[in-house]
Amino acid sequence: MPVPAMIGRLGRMTTYRTTYRTHRAPKAAPLHPVERSVVAALVVAALVGIGWLGSMIYTIAAWSTD
Numbered sequence: 115m116p117v118p119a120m121i122g123r124l125g126r127m128t129t130y131r132t133t134y135r136t137h138r139a140p141k142a143a144p145l146h147p148v149e150r151s152v153v154a155a156l157v158v159a160a161l162v163g164i165g166w167l168g169s170m171i172y173t174i175a176a177w178s179t180d
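This note's numbering numbers the first residue of the sequence shown as 115 and each following residue consecutively.
Written out as structure tokens, the structure reads:
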């Protein structure tokens, strides 16, 4: 006996997940040489910024004590 068509209703959904890709892309190697230089530049820039901020605080503190 055929199942009646269910117009306007959803049929049964699957209980498992499917993937659309049959293979996964290979992972990139961690920290390429370019990434290392960028990270090093960011660390140096952060240290310079912290030093500049410290010197500005020191300068304003010195002006306020005069």
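Glycine included, every Cβ here is placed at the ideal spot set by N, Cα and C. Since the structure is predicted, the reported quantities are computational estimates derived from the model, not experimental observations.
In whole angstroms, what separates the C-alpha of residue i from that of residue j?
i, j, result
"residue 179", "residue 167", "19 Å"
"residue 175", "residue 161", "21 Å"
"residue 159", "residue 171", "18 Å"
"residue 152", "residue 169", "26 Å"
Among the residues of its own chain, which have a CB less than 7 Å from the CB of residue i, if the five just before and after it don't count?
i, result
"residue 173", "none"
Using a Cβ-Cβ cutoff of less than 8 Å, which residues in the same chain neighbour residue i once the five nearest sequence positions on both sides are dropped?
i, result
"residue 150", "none"
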